[in-house]
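Residue numbers (the working numbering), protein chains in the order written: chain W, 2 to 499; chain A, -17 to 85; chain S, 4 to 499. We treat Cβ as the ideally placed atom computed from N, Cα and C, and that holds for glycine.
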Amino acid sequence: MSAGQPLPVADRAPSPLPAVDRYEMVVGLEVHVQLRTRTKAFCRCSTDFGAPPNTNVCPVCLALPGALPVLNEHAVELAARAALALECTVHEVSVFARKNYFYPDLPKGYQISQYDRPLATGGRLLIDGANDGGALAVGVTRVHIEEDAGRSIHDRFPGQTAIDLNRAGVPLIEIVSEPDLRSAAQAGAYLRTLKQLLEYVDVSDVSMEEGSLRVDANVSARPRGATRLGTKTEVKNMNSFSGVERALEAEFARQCAILDAGGVVEQQTMLWDGAAGQVRPARTKEGSHDYRYFPEPDLPPLVLRGDWIEQVRAHLPELPAARRARFRAAYGLGDYDVEVLTATPRIGEYFEQVARRYGDAKGAANWVMGEVRAALNASGQSIGQFRVRPDDLAGLLDLVRGGTLSHTAAKQVFARMVETGAGAAAIAEREGLVKVSDEAALARWLDEVIAEHPAEAARFAGGERKLQGVLIGLVMKKSGGRADPKRLNQLLTERFSG
Amino acid sequence: MSVSLDDVRHIAALARLGLPRDRAEAMAAQLSTILQHMEVLSRADVNAVLEPAADAEPGLPLRPDHGPPIPLQAPLPAFAPAARDGLLLVPRLATHEDPEATS
Amino acid sequence: MTTPRPEDAPHGAAALRDACARGSLTPSNAVAASFARAEQVRAGGGAAAGPEGLNAILSSDRDAALARAAALDASLGETEPGPLYGVPVLVKDNIATLGLPTSCGSRILEGYVSPYEATVVARLERAGAVIVGKTNMDEFAMGSSTEYSAFGPTRNPVDRSLVPGGSSGGSAAAVAAGVTRIALGSETGGSVRQPAAFCGVVGVKPTYGRVSRYGLVAFASSLDQVGVFGADVDDAALGLEVVAGHDPLDSTSATQPVARYRDAAADGLAGVVIGRAAEYFPEQLDARIRAHCERAFELFRALGAEVRDVSLPSTALAIPVYYIIAPAEASSNLARFDGVRYGLRVAGDGLRGMYEATRSRGFGPEVTRRILLGTYVLSAGYYDAYYRKAMEVRRLITHDFARVFASGVDLLFTPTTPTAAFPFGARADPYEMYLSDIFTVTANLAGIPGLSLPIGRVGGLPVGGQLLAPHFEERRMFAAAYALERSLGEREETRR
Ligand SMILES: [Mg+2]
Ligand SMILES: [Zn+2]
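Structural data, given as structure tokens:
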């Protein structure tokens, strides 16, 4: 039976469950990722964003008559790095092919891509906790190199589509997964895990919002327990991970409703409309796509030496799973802390530098997860731009541990460090935040507080111990956070027990 | 292999060549004749020659990841059929519209 | 400035260059003489008189060429004169030049001036050549007669009622008519060798990868190669020496060092084994062409070569293979002519209508036919039967040559074409036209070098003999060409 036929009635046994619970979602994802190179894949034009339209262009990426492509070696290296991180086999010989179709932002009338002999095949991505708390292994069918198209702008001039070719020819990898995902949440987890991995291997900016990561989803529905795949549709036009999840839910619900009514899912392309929360069919005639792939005659096969591939593998940085395991073992951190401190490669590196300098991993972790992350969130900075370098933060923690700064004062110093980038000791000194343990000074502040709050002092003296905190807080405030709380406590107890 | 009028219409659409009916019919006849001469290939025994070992070929030369780009002696808008504010203009397409669909 | 009469001009491009380098002639004189000759043949005059002009040259800029020549005049004594110092050269119209249009003989690129130049053009200019014009051609090099130019056919200077061959007919005719000693053409299936044979000049198609394709407007990328016309073997050797060499802008460009082709004049043929492939001498071959070839074999023997019978059994498959692979690649290569970025745009109903109107109006019938043929053989359901099969059979053809050359044969000698030049309109059936390339397409499919040189006349019309050599053995080919040309010339002398 062909995939488009209605399912046998037996497979659609009546059930009290709603349709979406009687069917299983089957999803495979095609992810396009822009590689972070300085120049385009096949010409020496800059890949910088933000240049005036059609200025990062040359004879090659404009497809001027007679121009020819020459492949960027760095694009190959980044693609191989990503493929190896995805546990793929990187092939010593792969072949570029032309994918032929007309579109105004595709200058040559074909995209240089790879088809029957891609760069890499047979990988997988492990997703922690996605499979009833266990790890889910999602097959990676292939990773291949191709070039990006230009940008079509539909809303700039009435009745016209405007084309900017600055992006045309930027190198991409396409990462195709097996149809191993069974829910929108799994698809979301796959994408987040993939994004994290690609950040670790440092091949791309991987920002869906900025378009350096794009996702198309192949989705089908089948009765729970069935093994045969249903007819799939391709869902496009999502621009966030949560958009992908919502689009999958919507498309799955649509397919379930069709199947439940005894209908047939039509193989077609669906577009996600995020504002409406709906999918709608693209205006595409199915079967009209015939890309007429054939080997790109302008580019001989890409031949990579085995030792080169092994060298790329050897130079892979520590990947997220390995780092999570190491942070657990080496620093005794709990699951949550590990998750936060390995979310991006930079935050983990930052944490480790602080911990190494400071010597107390737990203390370092608390600061990085607390104050540092809060400061980054507040400023919208990345950790790479953060002014407080790990050594400076360790210096601050040292001052707290050595008793020079109170915790309260340390937070004030940290705030100044974030603003100015200066060292902790210098700020503490300049701002007069060094902790005061001097008996005379503490006694003077205490006397003033007792004089200003005679009622509270009397009640404390009368045995209301809970007022101790209030009095100490008042002294701390008067001292600008500098009073050494330990000494102050002793002093207060001595004063009223005498 | 005989090429039908529908075949010609299909490939003309793929190739974005508008053909009036009489030309399409003439083309179907011509392509059929030409392809008849190609039938001889189906009888060729290609097993005699193995595919060359790809690693014996020189392989694709790679270039370093830097500029400068090949300069253009005239900017794109100077030779483009329609341009405004540095952008190329074509008849309007809806977002994600597939030009295949408008035939 | 006085324009020297053509007969006073030094004989041969090398002699012309030497005269300019010595100062006995100036680049300005040489360029002016070339324009004068171009004007003569344009007007229909000249040695081979006829009622119409040749229509060999599509565009030229006399003032710009003379300005460049004047700059070369002034540079003498300051910089070392290059190997083509002061030599006027014509360039086929599918090779990108900065100052002159690059139309490829097509309406779709009418008036298009490339904003960058081809590597071969840069090499010519660096060598001191002056580009005096762009030559007519079959539209996008698809044709064997130059009848398919959108700008009218070129006429054969030998007999203006006949085609000059094609697709590089303009370059061949102009060199035959004495406008320049050297011109660039391009080959995909014989487009230099075949018109060279028809017009009585020398045409060389180098090894695939020997000359940069950067700036050569693609027809079939795996077959295309820039070729050189020379009025004689030495002119062709000099021209090829200048344009050959590695180009990092072409990923299929070879890195092998370029041999000194002109030194091959002294190589001789002693001990050289020249193959005579039966498949290139079919029964129906014109007996007079066969006789010219047999005489050439005799001369080779007299020069110390051994002539050995060989077989290239896959030859008969070459035309079908070629007319699948070349149109397939062309259908993709010509997709860029869509009216969006350059060239012709014809308004239509929406984007789709604009595409179809532009391409239907812009491409002529032969180009349309080949795009459709190529689209068909690549389309779903037909790829394996046609394109994949053709690629496999192409390897058989390559293997045939490899086997023969590995058996101790140094060169092959064949007729260049099965007939001499034919009248306009004589090849109305497309497939019959395709058969004009029957002896030349094999070299393109195998990527080996080939050279055609005049070996005699049939009914007053020149015919060509073809030398084929292993990859990158152009020098060997030139050695035989020099030797044969000399022997044929001596025979002419003694007969007079
Ligand atoms: Mg893709
Ligand atoms: Zn570019």
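For residue i, collect the residues of the same chain with a Cβ closer than 7 Å to its Cβ; drop the 5 residues on either side in sequence, then sort them by chain order.
{"i": "S/Phe154", "result": "Leu61, Gly108 and Asn139"}
{"i": "S/Pro9", "result": "With a pLDDT of 48 at S/Pro9, under the threshold of 50, the predicted position of this residue should be treated as unreliable, and no value is reported."}
{"i": "W/Glu200", "result": "Val207, Thr345 and Pro346"}
Should residue i be listed as close to ligand 4, given that the test is whether its C-beta is under 8 Å from any heavy atom?
{"i": "W/Gln35", "result": "Ligand 4 is not part of the structure shown, which contains ligand 1 and ligand 2 as its ligands."}
Ligand 1 and residue i: does the residue's C-beta get closer than 8 Å to at least one heavy atom of that ligand?
{"i": "W/Leu173", "result": "yes"}
{"i": "W/Glu147", "result": "yes"}
{"i": "W/Glu31", "result": "yes"}
{"i": "W/Ser114", "result": "yes"}
The alpha helix (DSSP H) that contains residue i, what's its start and end?
{"i": "W/Asn367", "result": "Ala362 to Trp368"}
{"i": "W/Met209", "result": "Segment: none, W/Met209 is in no alpha helix (DSSP H) and carries neither H nor E."}
{"i": "S/Tyr368", "result": "Here residue 368 of chain S turns out to be Pro, not Tyr, going by the sequence shown. Counting along the chain, the alpha helix (DSSP H) containing S/Pro368 begins and ends at Pro368 to Leu381."}
{"i": "W/Ala52", "result": "Looking at the DSSP string, W/Ala52 is not in any alpha helix (DSSP H), and its letter there is neither H nor E."}
{"i": "W/Arg483", "result": "Element bounds for W/Arg483: n/a, residue is neither H nor E."}
{"i": "W/Tyr191", "result": "Ala185 to Tyr201"}
{"i": "W/Asn378", "result": "Arg374 to Ser380"}
{"i": "S/Lys392", "result": "Lys392 to Ala409"}
{"i": "W/Leu107", "result": "Careful: W/Leu107 lies outside any alpha helix (DSSP H) and carries neither H nor E."}
{"i": "W/Glu252", "result": "Phe242 to Asp261"}
{"i": "S/Ile322", "result": "Ala321 to Asn336"}
{"i": "S/Thr138", "result": "Unbroken run through S/Thr138 is the beta strand (DSSP E), Val133 to Thr138; no alpha helix (DSSP H)."}
{"i": "W/Pro346", "result": "Pro346 to Tyr359"}
{"i": "S/Gly172", "result": "Gly172 to Ala179"}
{"i": "W/Val280", "result": "No alpha helix (DSSP H) holds W/Val280; the beta strand (DSSP E) holding it covers Gln279 to Pro282."}
Which two residues bound the contiguous beta strand (DSSP E) that contains residue i?
{"i": "S/Lys95", "result": "Pro91 to Lys95"}
{"i": "W/Lys237", "result": "Thr234 to Lys237"}
{"i": "S/Asp21", "result": "S/Asp21 -> not in any beta strand (DSSP E); alpha helix (DSSP H) instead, spanning Ala16 to Arg25."}
{"i": "W/Gly130", "result": "Ala121 to Asn132"}
{"i": "W/Phe158", "result": "That residue, W/Phe158, is in no beta strand (DSSP E); it is neither H nor E in DSSP."}
{"i": "S/Asp415", "result": "This sequence places Leu at residue 415 of chain S; Asp is not what is there. Start and end: Leu414 to Pro418."}
{"i": "S/Asp312", "result": "Glu309 to Val313"}
{"i": "S/Gln469", "result": "Leu464 to Leu471"}
What does a CB cutoff of less than 6 Å around residue i pick up in its chain, not counting 5 residues either side in sequence?
{"i": "W/Pro19", "result": "none"}
{"i": "S/Ala360", "result": "Val349 and Gly351"}
{"i": "A/Arg(-2)", "result": "none"}
{"i": "W/Val96", "result": "Arg118, Pro296 and Pro302"}
{"i": "W/Tyr332", "result": "Ala362"}
{"i": "S/Ala176", "result": "Leu57, Ala59, Thr157, Pro160, Pro167 and Cys202"}
{"i": "S/Pro260", "result": "none"}
{"i": "S/Ala52", "result": "In this predicted model, S/Ala52 has a pLDDT of only 43, less than 50, meaning its place in the structure is not dependable; the value taken from the coordinates is given anyway. None."}
Could you name the residues of the same chain whose beta carbon sits closer than 8 Å to that of residue i, not counting the 5 residues immediately before and after it, in chain order?
{"i": "W/Gly349", "result": "Arg324, Phe328, Leu342 and Thr343"}
{"i": "S/Ser410", "result": "Val313"}
{"i": "W/Lys412", "result": "Glu372"}
{"i": "W/Ala150", "result": "Tyr104, Asp106, Leu107, Gln112, Arg168 and Ala169"}
{"i": "S/Asn97", "result": "Thr105, Cys107, Gly108, Met140, Phe143, Ala144, Ser189, Leu219, Val220 and Phe222"}
In the DSSP assignment, what residue or residues form a beta bridge with residue i?
{"i": "S/Glu190", "result": "S/Gln228"}
{"i": "W/His33", "result": "W/Glu175 and W/Arg215"}
{"i": "S/Leu165", "result": "S/Pro426"}
{"i": "W/Met26", "result": "W/Ala222"}
{"i": "S/Met436", "result": "Bridge partners of S/Met436: none, in fact."}
{"i": "W/Thr270", "result": "W/Glu235"}
{"i": "W/Asp165", "result": "W/Arg152"}
{"i": "W/Lys100", "result": "W/Gln112"}
{"i": "S/Lys208", "result": "S/Gly453"}
At the 9 Å Cβ level, is residue i part of the contact set with chain C, yes or no?
{"i": "A/Arg74", "result": "Absent here is chain C; the protein component of the structure consists of chains W, A and S."}
Which residues are close to ligand 2, meaning CB closer than 6 Å to any heavy atom, in chain order?
In chain order, the hits are W/Lys41, W/Cys44, W/Cys46, W/Val58, W/Cys59, W/Val61, W/Cys62, W/Gly170 and A/Pro51.
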